[in-house]
Structures are given as C-alpha cells and as structure tokens.
DNA sequence: CTTGCTCCTACAGTCACTATAGCATGTATA
DNA sequence: TATACATGCTATAGTGACTGTAGGAGCAAG
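Chains as they are written, first to last, in the working numbering: chain A, 1 to 156; chain B, 1001 to 1156.
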C-alpha cells in the first residue's frame, strides 16, 4: 500500500519544478524513476527525502557534483564522515570568499554612490570612478584562485 | 603618430584575455575594431580606456547589459546622471542581497560543521542536517524575488 | 467530442566567459 | 631558404544549474 505519485505531485511536495526534477535525473543526482505502463515517472516517499536533501544542499550553496558525493556517502553508514566534513568545509570556504569579494564591492559601490552629487553625466563621479584605475585591484587580490562553480546560485 | 597595436597588446595592457575582448566586440560593449590590411584588429589608447571601464565595472559586479548602458550614458556628457545613479544603486542592492543570502549560508554551514563530531556517516550531523527540513526556508525568504543575472561573476 | 490538464522527449536559451579546431600570417632562427 | 614558433583570424562547443518552449500523447470531465 505504499503510496505512489507522479512528477507533478513530487514537484509540489518539494517545491521544486518538474523540469528541475527531470534534470536531476538526467545528470544522475536523482535515480532513474520507475515508469508506469504509460511511461510516466512514478515516485514514493523515499524520493521526496532524496530530493529534499538535494534542495537543502543547494540552498546551502553546495554544487551538484558535491551533492552527488554527499548522497553517495550518506548511503554508506559505516564510512568515516571525514569526507563529508571536507566537502562541507570547502563549501564554507567558498561562501566566505564570496562574502569577502562582495563586501569589497559593496563598500566601493557605497563610496561611489555617496560621493556623486553631480547632475550631469560630465560631473558624475560614478562614471569617473569606473573609468579610473586601482579599484578592481583589491577585488582581484581577494578573488583570484581557481574558477568557482558555486557562484551560480539562483533560488528562484 | 597615434600608436596602434593589435589585440594581444590590448589584452596585456588591460589584463584581459584576447577571447574576452573579441567576445565584448561581438556583443557590442566594445566597438567593432578597425581592421588592418591583413584583417587584424587595430587598437589605440581610447580602446584601453573603454576596456578598463568595462573591467572595472565587471569587477564591481555590474552586468554587461548595465555596462552597455553606462557606456552609452558616459558618451552623453549633458545627460542627467540620474540613470547612472539608478543603475549603480540597483547594483548595490543586488550585492547586498547576495551578501545576506551568503551570510545565512555561512552561519548555517558553521553551525553544521561545529556540531558534527561523529566518526561514522551514520552519526554525521552534517548529513542529518541536510536531510532535515526548515533550513532552506530562511534562505528562500531572503533570496526570492526575480532571477538575478549578476550572481555569475568569476574574476579569473 | 472537445476542452483542459498533466505527462513525455528533445532541444534552445541564460550569463560571462573559456577552450578548442583549423587555418592564415608574420617574424626569428638554423 | 626552410622551418619553427608566435600570434592572429573565424566558428563552434563547453561551463553550471537550471528554465523555457515545441510538439506530441494520455486521460478525465463536461
């Protein structure tokens, strides 16, 4: 008597778009769904839990690649949680780097906006500041290091 | 006797990749370059300035669409700088929103990492927290609102 | 029997680049 | 002069995490 439902229902219960669920299946973070006779994906409770795990992890900034690893680890209860710890700490570091970069941007933007009281573009200190040098340098210093994939989080 | 140089030189002087310059030309934030007899793009000082403007703006989080507008405005010295101000303030708001979201992520991640002292995945509080509800909600509250394009800034 | 809803696949678009393939041109060295 | 290497060109695909669309099938209610 285990309750079964289709993708639209799963989407509703997890507050996740239907397309996103199909995408998760495609890239292998959700398991391939069992199909009904009419080719429709059928789900049960366990799928809600897995999808929730994914959505929570995404909301905390984890990349889907990391989430795949976290899910694999969570299926091995006797494994050390050292790797989980490592992934989590790495995510925290990424978040903190982004905050640093954004804080510099914020200050610089506030300074620029505060300074400008011109009325014409020719007197606009925002424009002059952007044309000027030396601002970008600070950010480059802080940002640099490898390309970061997680910067791309849009939560609707 | 105005000095002319090719794209590689412009790239060096602005610390910007050759491909990126060609991309900027393609999408119209850099003007179409004058070509030499051998079809190579030729630049002068003014191009350095324009490209610097673009790079500084990017470093401050402006989207290329906004930069296009800022450049257009900066070419009209008699125009009000109200629009510049608006674009800048909007950018600042976006930055601040991102900082808010990331700060919540940071706190939550710190709490999770701090709490977990398990040795096995089965006891791992990071995994349990991710499986659990209610975390993502806070972030959703703060984040929501329209899709934001600027989250995607990788500065090498 | 039509309307409307959900489901399916497959593919294009987003943003700001980055990388690659395959070719032409230009300069420096053997 | 031959060769190697650097740089330039175009065109196209890939990145991450989705979102949107086209075009079709299935199913229940009116």
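Backbone N, C-alpha and C fix where the C-beta goes; we use that ideal spot for every residue, glycine too.
> Going along chain B in order, which residues have a C-beta closer than 9 angstroms to the C-beta of residue 116 of chain A?
Replying inline: 1081, 1084, 1085 and 1088
>> For residue 31 of chain A, tell me which candidate among A:123, A:43 and A:97 has the shortest Cα-Cα distance.
In response: A:43
>> Let me confirm a value: residue 1002 of chain B is counted as buried when at least 16 other C-beta atoms fall within 10 Å, else exposed. Which label applies?
In response: So residue 1002 of chain B counts as exposed.
>> On the DSSP bridge list, what partners appear for residue 1035 of chain B?
In response: B:1041
>> Using a Cβ-Cβ cutoff of less than 8 angstroms, which residues in the same chain neighbour residue 1009 of chain B once the five nearest sequence positions on both sides are dropped?
In response: If we look at residue 1009 of chain B and ignore the five residues flanking it on each side, its Cβ neighbours are 1043.
>> Looking at chain A, is there any beta carbon in it that lies within less than 8 angstroms of the beta carbon of residue 1016 of chain B?
In response: By this cut-off, residue 1016 of chain B is not an interface position.
> alpha helix (DSSP H) containing residue 170 of chain A: first to last residue?
Replying inline: No statement about residue 170 of chain A is possible, as the shown extent of chain A runs from 1 to 156 and does not include it.
> Alpha carbon to alpha carbon, what distance is there between residue 1123 of chain B and residue 38 of chain A?
Replying inline: For residue 38 of chain A and residue 1123 of chain B, the distance between alpha carbons rounds to 41 angstroms.
> Taking Cβ positions, are residue 1007 of chain B and residue 1018 of chain B nearer each other than 8 angstroms?
Replying inline: yes
> Thinking just about the alpha-carbon of each residue, which of A:131, A:92 and A:119 is nearest to the one in residue 60 of chain A?
Replying inline: Checked all of A:131, A:92 and A:119; the closest Cα to residue 60 of chain A is A:92.
> Mapping DSSP to helix, strand and coil, what is residue 14 of chain A?
Replying inline: helix
> Based on the DSSP secondary-structure assignment, which residues constitute the bridge partners of residue 1005 of chain B?
Replying inline: B:1043
>> Quick test of your reading: residue 131 of chain A and residue 1106 of chain B, contact by CB under 8 angstroms. State the CB separation rounded to the nearest angstrom.
In response: With 8 angstroms as the limit, residue 131 of chain A and residue 1106 of chain B do not qualify as a contact, their Cβ atoms being about 34 angstroms apart.
> Nearest to residue 1112 of chain B by alpha carbon, out of A:72, A:78, A:85 and A:95?
Replying inline: A:85
> Are any of the Cβ atoms in chain B nearer than 8 angstroms to that of residue 56 of chain A?
Replying inline: yes
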